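Count the sequence shown with my numbering and you get residues -18 to 107, in order. No residue lacks a Cβ here, since even glycine has one placed at the ideal position from N, Cα and C. It should be emphasised that the depicted structure is a prediction, and the values quoted were computed from it without experimental measurement.
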Amino acid sequence: RRPRWHAGTSPEELTAAENESFLDWRRGLAELEEGGALLTPFERNIEVWRQLWRVLERSDLVVQIVDARNPLFFKCDDLENYVRDLNVPGVGSTHAVANALEPVSEADGEAGAEAGWEEAGTAVGS
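Put into structure tokens, the structure is as follows:
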């Protein structure tokens, strides 16, 4: 998570706080990697996180596009919690959209319905 800041925080102070927070988080990721977890390069790049933090702070709506075959696996609850915790006026609404390139099995559709996912449209294409 991005460290707390305010309008009086200098760019240098903010950069130092972000770097320290990121290093603490990376130490935790290193422990996960030692346990066998695989991470993408994006999780290791603070510039990706800085861009995400700034976009979230300026967004009116955050949409996660998740795989319809297992949407609850791909939906990031931590992202939703982070957006909610920002406490920025006008920010805090998150939605997830389930997407699939191939037809979703009846079992997967039923599992999604049981989890509270609603059908919002129909597939288009062949």
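Contact check, residue i vs residue j, beta carbons under 9 Å
i, j, result
"Y63", "R8", "no"
"V36", "E61", "no"
"E24", "L67", "no"
"E(-7)", "W(-14)", "no"
Cβ neighbour criterion (16 or more within 10 Å) applied to residue i
i, result
"R50", "buried"
"T(-10)", "exposed"
"P84", "exposed"
"T(-4)", "exposed"
"A11", "exposed"
"V47", "buried"
"A104", "Only weak support is given to the placement of A104: the predicted model assigns it a pLDDT of 40, under 50, and the question is left unresolved by the model."
"A(-12)", "exposed"
Close-in-space but distant-in-sequence residues of the same chain around residue i (CB under 7 Å, 5 per side omitted)
i, result
"P(-16)", "A(-2), E(-1), S2"
"K56", "Q45, V47, A77"
"R31", "E(-1)"
"W132", "Because the chain in this structure spans residues -18 to 107, residue 132 falls outside the shown range and cannot be described."
Cβ separation of residue i and residue j, assumed to be a contact under 8 Å, to the nearest whole Å
i, j, result
"L20", "E14", "6 Å"
"P52", "A88", "Not really, about 14 Å apart at Cβ, beyond 8 Å."
Proximal residues to residue i (C-beta, below 8 Å), its chain only, five neighbours per side dropped
i, result
"H76", "L42, V43, V44, Q45"
Other residues of its chain near residue i: CB distance less than 6 Å, five sequence neighbours each side excluded
i, result
"D59", "none"
"S74", "L42"
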